[in-house]
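Numbering (mature numbering (1 follows the signal peptide of the UniProt record, and there is no 0)), first residue to last: -22 to -1, 1 to 346.
For each residue, glycine too, the CB sits at the ideal point set by N, CA and C.
Comments concern the structure below.
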Amino acid sequence: MLKRTVALALGLSLGVSSAAFAATWTGGDDLPTNPLACDGTPGKVEAKPYDGGVPTNAPDRKGKQIKVVDVPKLIGIGYFNATSKGIADAAKELGNVDAKTDGPTQANIDQQISFIDNYITSGVDGILFAANDPVAIAPVLKKALAAGINVVGYDANSEPDARQWFVNQAEFNGIAKALVDNMAKEIGEDGSFAIVTSTFTTPNQARWISEMAAYQEKCHPNMKWLETVEAQEDNVLSFNQATTLINKHGADLKGIFGMTSVATPASAEAVTQAGQCGKVAVVGLATPNAMKPYVAKDCVKSVVLWNPVDLGYAAMQVLRATADGDLKPGATSVKAGKLGELQVINGSEILLGAPYTFTKENINDFDF
């Protein structure tokens, strides 16, 4: 699905001009984009038929105690610690869910598949996941559905028919707009930027980057995209990649986007150690606690995210509603405990809400 092409080919596939890009792979995918209006007018959500999967001969689980395993991209980092907390909070509130988080310590799709496969064999009623690769993870998720297991994704999707529902933290074009608008505000309409992402095949990041490309060309056409580099959700590699970008591009580099909760603080640390605070802006996705030191020093002004605790909480609520038969194909909303009713979009996605920008004025109000 993903094609490593020169910038011209990417520009043609996204409907954007090649002038906005250097002759490098941007890290986006080749799916159609839907950039939001430059003036902030909300995009329209069109109803689509259910396109998720269906478990085979699933037993009646309505109101019964269920065993659920959460297998995120990796464990041991702040972001997925937060989603895990949300899952545990929802399970405790529901009272009839035994939930645990388990998974690889590196963002490795083969290891993630092995964890899921092992839990299919050992026996669970439900699987929550955040995919490292949307295509590679699909067969093992379909195996889970074939075994009658309820399957719900969050954070990073699989192919739709490999799970029943996906809880989307925010729509991709909404994240793209928030990131690009904040960067333009900091570096100006003709500033040059680069990206530190996880991998070019990580589904949510590839989608964000494609939407960023389309929105940037539409609303900030004079900004220049230097390149995108992979850092594997690794702190040291993210720091090194950001440092390389600073050294390679020199004064041409005005901003770095961090596309992961690891890459953003690591990029901020690289900028700090290079003595480039105030000269190289860092805008990205990260948890507030990881960014507070850099925001306090005015080295970072904009951190874009959603509440990952709420994301995990919503995913657990959706899985419970699915297991109970209360959330069925064709539904337009689902009750999600303290979050109220969440809307169904794109056929089989549940939307958590709009992205949030953390700044020096509000970041200390949050603790995750």
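Nearest to Leu9 by alpha-carbon distance, out of Gly126, Ala36 and Phe150, is Phe150.
With respect to the 9 Å criterion, Asp212 and Gln43 are not classified as neighbours on the basis of their beta carbons.
Nearest to Ile105 by C-alpha distance, out of Gly315, Ile87, Thr335 and Met294, is Met294. Taking Leu317 as reference, the option from Val158, Ala246, His227 and Ala68 with the minimal CA-CA separation is Ala68. CA-to-CA, the gap between Gly30 and Arg141 works out to about 6 Å. Phe217 carries a helical assignment under DSSP once its states are collapsed to helix, strand and coil. In this structure, the CA atom of Val145 is about 11 Å from the CA atom of Pro286.
One Cα belongs to Glu319, the other to Val312, and the distance between them is close to 5 Å. The beta carbon of Asp76 is closer than 6 Å to those of Lys45 in its chain, skipping five residues each way along the sequence. Pairing Met237 with Trp186 gives a Cβ-Cβ distance under 9 Å.
A check of alpha carbon separations from Val49 across Gly41, Lys40 and Asn59 identifies Asn59 as the nearest. The alpha carbon of Ala162 has as its nearest neighbour, out of Pro243, His227, Phe235 and Ala116, the alpha carbon of Phe235.
In the DSSP assignment, Gln183 falls within the unbroken alpha helix (DSSP H) covering Pro181 to Cys197.
Secondary structure note for Val158: its alpha helix (DSSP H) is the uninterrupted segment Phe150 to Ile165.
Within the same chain, and ignoring the five residues on either side of Ser326 in sequence, the residues whose Cβ sits closer than 6 Å to its Cβ are Tyr28, Asp29, Gly30, Pro138 and Trp143. Tyr291: member of the alpha helix (DSSP H) spanning Pro286 to Asp302, first to last residue.
Inclusion of Ile55 and Val240 in the CB contact set at 9 Å is warranted, their separation being smaller than that value. Per the DSSP secondary-structure output, Ala259 pairs in a beta bridge with Gly233.
The C-alpha of Lys63 is placed about 30 Å away from the C-alpha of Thr34. Contact annotation: Val281 and Ala264 have beta-carbon atoms nearer than 9 Å. DSSP, read as helix, strand or coil, puts Gly131 in strand. Separation of Ile328 and Gln321 (C-alpha to C-alpha, rounded to the nearest whole angstrom) is 6 Å. Judged by DSSP in its simplified three-state form, Asn267 adopts helix.
For the pair Asn110 and Lys40, the Cα-to-Cα distance works out to about 31 Å. With contacts defined by Cβ atoms closer than 9 Å, Ala36 and Ile94 do not form a contacting pair.
The C-alpha of Lys121 lies about 44 Å from the C-alpha of Asn340.
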